[in-house]
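**Student:** So that we are looking at the same thing, I have put the structure below in structure tokens.
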Amino acid sequence: MPGYTSINSKMLQVAVGPGQEVYSKRGAMLAYTGRVHFAPTATAGQGLGQTLGRAMAGERTVMMHVTGHGSAMFGHGGLHVQVIELAGDTLYVEADRLLVYDGSLQAGTMFMGEQGGIGGVIRGAVSGQGLFTTTLTGHGSCAVLSHGGVMELPITPQRPVHVDPQAYVAHRGQVQNKLTTAMGLRDMVGRGSGEGFQLQLSGQGVVYVQASERKI
């Protein structure tokens, strides 16, 4: 069976079968064929401790566990859908941007402070991302949502990338990030996040940036 097939830029068809279960965003199923079953799950492949931690922080995103034999079509709010293939590495992505991902991927959460100490926490507040980010690790596919589509920007030690925190979708690789600003507090009053703050990503990897500063 084929894996993820783009119907168009905003709709995705995913094969479901034995050993091919997936997790999808709640309310994102558009149609399905065959014997496909959907069940809400609070863990979505994560450990109990991680799930409880996010629930206590009020940052849990309910997913659907999709099993059976057939195919399901997914989309959400007319947003653009981007498929990302993982080959043993880790994707860092906001939970509300995840449309669907393979059950073979190990899902987890990471405290934003681990990505830059207090700066990571401030980044979460500025971007509206909160105190946690979602991680997907292993071999498999996932699909993320964006306003206007995404572009993939390579990150190298010689070429760090600066991104508006609200345009950031996800990143992968050996990447360090920190929130920076070239303005004083007085200069930032009345300015948008892209003018006041930038997310600097350095190291080796890829960052996915959407064509908008709108949240999901």
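Count along the sequence shown from 1, then add 1340; that gives the number in my numbering. Note that the Cβ used here is the ideal one computed from N, Cα and C, for glycine as well.
Is it true that the CB of L1541 sits closer than 9 Å to the CB of V1509?
**Tutor:** Numbered from 1 along the sequence shown, position 169 holds the residue referred to as residue 1509. Numbered from 1 along the sequence shown, position 201 holds the residue referred to as residue 1541. No, the pair does not count as a contact, with Cβ atoms beyond the cut-off.
**Student:** Are the beta-carbon atoms of D1442 and S1486 separated by less than 9 Å?
**Tutor:** Position 102 of the sequence shown, counted from the start, is the residue given in the question as residue 1442. Position 146 of the sequence shown, counted from the start, is the residue given in the question as residue 1486. Not closer than 9 Å, so no.
**Student:** Mind the definition here: the region 1348-1359 touches the region 1429-1436 only if three or more C-beta pairs lie below 8 Å; say whether that holds.
**Tutor:** no
**Student:** For G1410, which residues in the same chain have their Cβ closer than 7 Å to its Cβ, ignoring the five residues on either side in sequence?
**Tutor:** Here residue 1410 is taken as the residue at index 70 of the sequence shown, counted from 1. So the qualifying residues of the chain are V1356, Y1372, T1373, G1374, R1375 and V1376.
**Student:** Going by beta carbon distance, what residues of the same chain come within less than 6 Å of Q1422, once the five residues before and after it are set aside?
**Tutor:** Residue 1422 sits at position 82 when you count from the first residue of the sequence shown. So the list reads V1484 and V1490, once near-sequence residues are dropped.
**Student:** Tell me the residue span of the beta strand (DSSP E) that contains F1414.
**Tutor:** For the purposes of this step, residue 1414 is taken as residue 74 along the sequence shown, with counting starting at 1. Counting along the chain, the beta strand (DSSP E) containing F1414 begins and ends at M1403 to F1414.
**Student:** Could you check where the beta strand (DSSP E) with D1429 kicks off and where it finishes?
**Tutor:** The count along the sequence shown starts at 1 and reaches residue 1429 at position 89. Where D1429 is concerned, the enclosing beta strand (DSSP E) starts and stops at H1420 to V1433.
**Student:** Please tell me whether K1555 and L1539 are closer than 9 Å, where the distance is taken between their beta carbons.
**Tutor:** Locating residue 1555 in the sequence shown gives position 215, where the first residue counts as 1. Locating residue 1539 in the sequence shown gives position 199, where the first residue counts as 1. No, the pair does not count as a contact, with Cβ atoms beyond the cut-off.
**Student:** Let me check one thing: in DSSP terms, what residues is R1512 bridge-paired to?
**Tutor:** For the purposes of this step, residue 1512 is taken as residue 172 along the sequence shown, with counting starting at 1. Partner(s): L1431 and V1546.
**Student:** State yes or no: is the C-beta of M1413 within less than 9 Å of the C-beta of Y1363?
**Tutor:** Taking the first residue of the sequence shown as position 1, residue 1413 is located at position 73. Taking the first residue of the sequence shown as position 1, residue 1363 is located at position 23. No, these two residues do not count as a Cβ contact at 9 Å.
**Student:** Where does R1375 fall in DSSP's three states?
**Tutor:** In the sequence shown, residue 1375 corresponds to position 35, counting from 1. Three-state result, R1375: strand.
**Student:** Measuring CB to CB, does G1428 end up less than 9 Å from G1478?
**Tutor:** Mapped onto the sequence shown, residue 1428 falls at position 88. Mapped onto the sequence shown, residue 1478 falls at position 138. Yes, the pair counts as a contact, with Cβ atoms nearer than the cut-off.
**Student:** Hey, could you find the ends of the beta strand (DSSP E) P1497 is sitting in?
**Tutor:** Sequence index remark: in the sequence shown, residue 1497 carries index 157 (1-based). Note, P1497: premise wrong, no beta strand (DSSP E); not H, not E.
**Student:** In the structure shown, what three-state DSSP assignment does D1442 receive?
**Tutor:** Numbered from 1 along the sequence shown, position 102 holds the residue referred to as residue 1442. Three-state result, D1442: strand.
**Student:** Report buried or exposed for G1415, applying the criterion of at least 16 other Cβ atoms within 10 angstroms of its Cβ.
**Tutor:** Your numbering for residue 1415 matches position 75 in the sequence shown. Here G1415 is buried: its Cβ has 16 or more other Cβ atoms, across all protein chains shown, within 10 Å.
**Student:** Cutting at 6 Å between CB atoms, please list the residues of its own chain near S1552, excluding the five before and the five after it.
**Tutor:** The residue given as residue 1552 occupies position 212 in the sequence shown. Cβ neighbours of S1552 beyond the five flanking positions: H1487 and G1488.
**Student:** For V1406 and I1495, what's the separation of their Cα atoms in angstroms?
**Tutor:** Walking along the sequence shown from the start, residue 1406 turns up at place 66. Walking along the sequence shown from the start, residue 1495 turns up at place 155. Roughly 34 Å separates the two Cα atoms.
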